[in-house]
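Below is one structure, written out as structure tokens; the observations come after it.
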Amino acid sequence: MKQRYVSIMGDSISTYAGYNPQGYSVFYDENNQKRNGLQSVYDTWWAKVNQYLSAYICVNNSYSGSMVTGLKFPSASSTDRIKTLHNQMTSPDIILIYIGCNDFGRGVKVRNSLRGVHTSDNFFDCYTYMLKGIKAFYPSAHIVCGTLMRSYIKDKSNWVFPENFAGEKFSDFNAAIREATHVEKCSLADLESLNYRYETLDGAHPTVQGHAMLAQAWVECLRKERIV
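In my numbering, the protein residues as written are 41 to 268.
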């Protein structure tokens with residue numbers, strides 16, 4: 041059986057010191073690994089999913105604080121991000137995409153109000169542009185897009201997940217991911233539909249238990265949809 045390679049397109053949630061391209065901003069440095077209970081890279085959601093797929097990591101192209109929206113680095117729709125999902129030895133057979141939380145948290149518009157006009161300042165157009173670019177650079181790769189999951193804060197039962205921010209709904213970002221995935225004929229891991237929430241200390245970044253929940257959701261979706 042041919043060995044398969046997986047690449048990740050993500051933000052801070054998917055970073056881990058020593059496993060991202062050189063110079064990338066990383067959230068899970070040694071301090072944040074300890075704070076969140078991660079003892080090794082194998083505690084991350086993507087490493088767990090990779091084990092399920094019986095594959096090797098090609099490139100974890102995750103940059104802390106990055107959005108999809110915008111066409112300049114480090115936006116995920118920038119050419120610099122899109123074209124660096126391979127390394128000198130291998131190209132990805134599978135590309136897992138989990139990004140968009142920063143677009144929601146920074147008040148980005150989900151869609152352009154000008155019908156028929158595509159711009160670089162809204163989430164849907166840029167997510168679609170990102171997928172077009174990835175397909176062009178890696179035509180043989182199986183691309184799987186994950187909808188975004190809601191979180192909770194450990195030991196703070198009164199914390200409420202912000203369903204709306206700057207006039208945009210969290211659920212609308214996921215609707216945009218679903219539509220862009222359909223338009224570009226990629227595979228969808230509809231994590232939101234499972235109604236799971238992952239544990240955090242800050243409302244955004246998974247603890248070790250949070251990563252385990254993210255991984256469980258990914259695996260359930262991959263199995264359900266018979267993806268890869």
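Glycine residues also receive a C-beta, built at the ideal position from the N, C-alpha and C atoms.
Measuring alpha carbon to alpha carbon, tell me which residue in the options is nearest residue i.
{"i": "N101", "options": "Y178, I217, D242 and P61", "result": "P61"}
{"i": "G58", "options": "Y82, Q43, K42 and S118", "result": "Y82"}
{"i": "S233", "options": "S118, I217 and R151", "result": "I217"}
{"i": "K172", "options": "S115, T221, S80 and K42", "result": "T221"}
{"i": "L254", "options": "V46, K42 and S54", "result": "S54"}
{"i": "W258", "options": "V200, M189 and T240", "result": "M189"}
{"i": "Y236", "options": "T187, F177 and F205", "result": "T187"}
{"i": "E224", "options": "S80, I174, A116 and S191", "result": "I174"}
Going straight from the alpha carbon of residue i to that of residue j, what length do you get?
{"i": "K194", "j": "Y96", "result": "32 Å"}
{"i": "T168", "j": "V184", "result": "13 Å"}
{"i": "S16", "j": "F213", "result": "Here the chain has residues from 41 to 268 only, and residue 16 is not among them."}
{"i": "Q91", "j": "S153", "result": "42 Å"}
{"i": "F210", "j": "P202", "result": "8 Å"}
For residue i, list the residues DSSP reports as bridge partners.
{"i": "G50", "result": "S102 and Y138"}
{"i": "F163", "result": "Paired residue(s): none; F163 is not in a bridge."}
{"i": "K209", "result": "N204"}
{"i": "P132", "result": "Bridge partners of P132: none, in fact."}
{"i": "E239", "result": "Y192"}
Please state the DSSP three-state secondary structure of residue i.
{"i": "C185", "result": "strand"}
{"i": "R151", "result": "coil"}
{"i": "L231", "result": "helix"}
{"i": "I193", "result": "strand"}
{"i": "R75", "result": "helix"}
{"i": "K175", "result": "helix"}
{"i": "I97", "result": "strand"}
Step through the CB atoms of chain D and report whether any lies within less than 9 Å of the CB of residue i.
{"i": "D165", "result": "Note that chain D does not occur in the displayed structure, where there is just one protein chain."}
Exercise. Quick one: any contact between the stretch 110-128 and the stretch 72-82, if contact means 3 or more CB pairs under 8 Å?
Worked result: no
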